[in-house]
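See structure below.
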Amino acid sequence: LFPSDAPLQAYTDPEVRRVALEQLVLRTKALNLPGCAAEVCARLPEPPAAEAVTSAVVTLVGIGALTQCEKLTPLGQLLTKLPVDVRLGKLILYGVCFGAADEALTIAAALTSRSPFMSPMERRDQADASKLNFTLFQSDHLAVLNAYSQYDSMRNDERYSFARERFLGIKTLQQIGQLKRQLLESLSHAGIVPPGLRAGGIEAAGRRDGSDGVRSSIKQQGRPSTELLAGLLCAGLWPNVAVIHAPKTKKGAAAAQHVRSSIK
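147 is the number that our numbering gives to position 147 of the sequence shown; each next residue is one higher, with no gaps.
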């Protein structure tokens, strides 16, 4: 990817200079270290850019994890206990509050994995049609949730044929299940769901009822509406929300050149 004469760095930049800093800022606040976030990060052996710290603080204030004075809110205190991006953590917590923990964990696990939808070159049209049949509310996140839920409701001997016929990556679906169990263990350790839940025990419970074990472990009853899930997605991932503007014309749908998107 580089020409032979391109100058290369002698060392890779430290991770603190390459990743989002929201979790780091939350940890510093949880430890009650003296000074504002920028001052604390400036004391690191290899400090990140001041602009990156400021951006992280603005994000945390925007999602409600910090006050304007950089004090942890109740939401922020809970987010410090979850090993995920703060927006995914917020989505999971909202899911717990609204009785949709299983679904929120599925979406969060999927967002930290690769897409389960496969698109082989020689059968792309069929794969696209199959994915379209999973789609809810024109949302890729809800499409993944729908695909995983159908996969998880089947017996083990049916899952492989289902994944093959519907152009789904079986390894990715299995990974989503593993991540869900790990995240549920973190929630249990934080006291957000019943205590004592461990990923291994959740998996064992799933083998007994033929699922990933999450729903039965937290005794979640019923399934939330698609409208509620769409609302949780917007609330949890805000302000990373895109709005598509496609004004209708007298002849029907908007022409491609009139479609615009904006990031909220």
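Heads up, the beta-carbon is just placed ideally off N, CA and C, and yes, glycines get one too.
Worksheet item: By the 10 Å Cβ neighbour count, where 16 or more other Cβ atoms means buried, how is cysteine 97 classified, buried or exposed?
Response: It is exposed - the Cβ of cysteine 97 has fewer than 16 other Cβ atoms within 10 Å.
Item to complete: Kindly list the residues whose CB is nearer than 8 angstroms to the CB of arginine 151, restricted to its own chain and excluding five residues on each side of it in sequence; keep chain order.
Response: Note on residue identity: the sequence assigns tyrosine, not arginine, to residue 151. Answer for tyrosine 151: Arg159, Phe162, Ala163, Leu168 and Leu173, listed in chain order.
Worksheet item: Between which two residues does the alpha helix (DSSP H) harbouring proline 332 extend?
Response: One cannot answer for residue 332 here, as it falls past the ends of the chain, which runs 1 to 264.
Practice prompt. Quick one: residues in its chain with C-beta nearer than 6 angstroms to the C-beta of isoleucine 107, no 5 flanking neighbours on either side, listed in chain order?
Written response: Once the five neighbours on either side are set aside, the close Cβ partners of isoleucine 107 are His141 and Leu145.
Practice prompt. Might you give, ordered along the chain, the residues of its own chain that have their beta carbon closer than 8 angstroms to the beta carbon of proline 47, omitting 5 neighbours on each side?
Written response: Excluding positions up to five away in sequence, the list reads Val16 and Cys41.
Worksheet item: When the Cα atoms are used, what is the spatial distance from glutamate 51 to cysteine 36?
Response: Going from the Cα of glutamate 51 to the Cα of cysteine 36 covers about 14 angstroms.
Practice prompt. Please go through the same chain and pick out, in chain order, the residues whose beta-carbon is closer than 7 angstroms to the beta-carbon of serine 113, but skip the five residues on each side of it.
Written response: Cβ neighbours of serine 113 beyond the five flanking positions: Thr172, Gln175, Ile176 and Leu179.
Discussion item. For a minimum of 4 consecutive residues, which ranges assigned as the alpha helix (DSSP H) are wholly contained in the segment 15–42?
Written reply: The qualifying runs are 22–30 and 37–42.
Discussion item. Contact between the segment 27–34 and the segment 65–75 is defined here as three or more beta-carbon pairs at a separation below 8 angstroms; is this criterion met?
Written reply: Between the segment 27–34 and the segment 65–75 there are three or more C-beta pairs closer than 8 angstroms, enough to call the two in contact.
Worksheet item: Between threonine 54 and glutamate 185, what straight-line distance do the alpha-carbon atoms span, to the nearest angstrom?
Response: Put simply, the backbone Cα of threonine 54 is about 32 angstroms away from that of glutamate 185.
Worksheet item: From methionine 154 to alanine 127, what does the alpha carbon distance come to, in whole angstroms?
Response: When the Cα atoms are used, methionine 154 and alanine 127 turn out to be separated by approximately 21 angstroms.
Fill in: serine 217 classed as buried or exposed, judged by whether at least 16 other C-beta atoms fall within 10 angstroms
For serine 217, the number of other beta carbons within 10 angstroms of its own is at least 16, and it is reported as buried.
Fill in: C-alpha distance - alanine 100 paired with alanine 147, whole-angstrom precision
A straight-line Cα-Cα distance of about 17 angstroms links alanine 100 and alanine 147.
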